[in-house]
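Following our numbering, the residues of the sequence shown are numbered contiguously, the last one being 197.
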Amino acid sequence: MAELRLIVLHYHLLPGGVTSVIRDSLVALDRHGGWDSIRAKLLIGSRGAVKAFLRQLDDSLSGRLKAEVEIVPALAYRSRGWPSRSRFEADVGELSRQLEEACHRHRAQLLWAHNPTLGKNPAVTAALNRLVQQQPGLRVLFHLHDFAECGRPANLEALRRCYPGGGLEAIYPSGPA
């Protein structure tokens, strides 16, 4: 069934639940996806535990899936707000551009974003929302398995108040189905 090219996006690859979800999802694609080959580019915000993740992943694969990691610092957790709406919008625009370029460079058929609405970095949420609106032909999967609304009030507040006087109105990006 030819080749699948995808980008997987998350804040980090540190040990834990979301990293297990990413790893297990890639292993499932490798073993049961039906493609002759799969090229996965992981866009991650920080370097921590990347080598260990790739080792664990490689040990579980059948050989059809090849994964590479690219560090995009703007995807990392961000605990502080932006000094102004204009600075926030500029950072969102730059991150959206970086994601679009990565999709083109990798010739990605799918951008698979894990927990982009969690509130760990509001610019990630906004950049993906912008990307969906500006690139309607891009297939994007929002894999939401943790929610800011579920016991994480500080995360929800970070999304709603990420710069003085405001924040995101649309937390859950939408685009054409």
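Even for Gly, the Cβ is constructed at its ideal location relative to N, Cα and C.
Does the distance from the C-beta atom of residue i to that of residue j stay below 8 Å?
{"i": "Asp44", "j": "Arg84", "result": "no"}
{"i": "Pro110", "j": "Leu46", "result": "The amino acid at residue 110 is misidentified as Pro; the sequence shows Ala. No, they are not a contact pair."}
{"i": "Ala190", "j": "Leu161", "result": "no"}
{"i": "Arg159", "j": "Ser116", "result": "no"}
{"i": "Gly186", "j": "Arg59", "result": "no"}
Check each candidate in the options and name the one with the smallest Cα separation from residue i.
{"i": "Leu164", "options": "Thr137, Leu151 and Gly37", "result": "Thr137"}
{"i": "Ser204", "options": "Phe108, Ser104, His124 and Leu34", "result": "The requested residue 204 does not occur in the structure, where the chain is confined to residues 21 to 197."}
{"i": "Leu95", "options": "Ile64, Asp166, Arg59 and Leu74", "result": "Ile64"}
{"i": "Arg107", "options": "Leu81, Ala22, Cys182 and Ala48", "result": "Cys182"}
{"i": "Ala22", "options": "Asp50, Thr39 and Gly37", "result": "Asp50"}
Where does residue i fall in DSSP's three states?
{"i": "Leu164", "result": "coil"}
{"i": "Ala146", "result": "helix"}
{"i": "Ser57", "result": "strand"}
{"i": "Val112", "result": "helix"}
{"i": "Val92", "result": "coil"}
{"i": "Ile42", "result": "helix"}
{"i": "Leu179", "result": "helix"}
{"i": "Ala48", "result": "helix"}
{"i": "Arg159", "result": "coil"}
{"i": "Glu23", "result": "strand"}
{"i": "Gly187", "result": "coil"}
{"i": "Ala128", "result": "coil"}
{"i": "Lys86", "result": "strand"}
Going straight from the alpha carbon of residue i to that of residue j, what length do you get?
{"i": "Ala146", "j": "Lys61", "result": "21 Å"}
{"i": "Pro184", "j": "Arg100", "result": "12 Å"}
{"i": "His126", "j": "Ala72", "result": "23 Å"}
{"i": "Asn141", "j": "Leu74", "result": "24 Å"}
{"i": "Val70", "j": "Gln76", "result": "10 Å"}
{"i": "Val41", "j": "Gln118", "result": "24 Å"}
{"i": "Gly113", "j": "Gly171", "result": "30 Å"}
{"i": "Leu130", "j": "Pro103", "result": "33 Å"}
{"i": "Ala168", "j": "Pro93", "result": "22 Å"}
{"i": "Gln155", "j": "His30", "result": "20 Å"}
{"i": "Ile27", "j": "Asn175", "result": "25 Å"}
{"i": "Tyr97", "j": "Glu90", "result": "16 Å"}
{"i": "Gly36", "j": "Asp166", "result": "12 Å"}
{"i": "Lys32", "j": "Gly139", "result": "It should be noted that the sequence gives His, not Lys, for residue 32. His32 and Gly139: Cα-Cα distance of roughly 14 Å."}
So, under 8 Å CB-CB, residue i and residue j are touching, yes? Tell me the CB distance rounded to an integer number of Å.
{"i": "Gly53", "j": "Leu24", "result": "7 Å"}
Can you check whether the C-beta of residue i is within less than 8 Å of a C-beta belonging to chain B?
{"i": "Ile64", "result": "In the displayed structure, chain B is absent; only one protein chain is listed."}
Just to confirm, does residue i get its C-beta within under 7 Å of one of the non-hydrogen atoms of the ligand SAM?
{"i": "Gln129", "result": "You won't find the ligand SAM in this model; it holds no ligand whatsoever."}
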